[in-house]
Amino acid sequence: METLEEEQLFLATKLNLLDALLTVNSTGLLLHNTNPNGRTEHNYAQQYYRDVPNQLLQDVYMLYEKDFRLFDYSPEEYFNFAKMT
C-alpha cells in the first residue's frame, strides 16, 4: 500500500516540481523547502500571537480544549507568544 508521502513524491517527480518542493541539507537529508522569503510557520505564529491578549487566547483554548486534546495539540507555545495583559 502506498502512502500519501510516496504519492506526493511521485507526483512532484512527474510534474518536475521536486526542486521547488524539496531540498537537500548539508547532511544529505531530503527536506521540504521553506517558503521563498525564508520565514517559518513559527515566525508567522510568533508575529501574529504577540498581539493577542493572553486572556483572549486562554478563552479560545477553553472553547476548543476538547479539540486540542483530541488532536494532541499543545497551546503552550502560543501562550508564550501572547501579550501578557
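If you're matching positions, the sequence shown starts at 1 in full-length UniProt numbering and goes up one per residue.
A virtual CB, placed ideally from N, CA and C, is assigned to each residue, including glycine.
Cα-Cα separation, residue i to residue j
i, j, result
"Asp59", "Tyr44", "21 Å"
"Glu65", "Leu56", "14 Å"
"Phe10", "Thr3", "11 Å"
"Gln47", "Phe81", "8 Å"
"Leu63", "Lys14", "44 Å"
"Arg50", "Asp67", "23 Å"
Supposed close pair residue i, residue j - CB separation, criterion 8 Å
i, j, result
"Asn54", "Phe79", "7 Å"
Test: residue i CB closer than 9 Å to a CB of chain D
i, result
"Phe10", "The question asks about chain D, but that chain is absent: this structure has only one protein chain."
Residue range of the alpha helix (DSSP H) that includes residue i
i, result
"Thr13", "4–14"
"Phe68", "65–70"
"Tyr78", "76–81"
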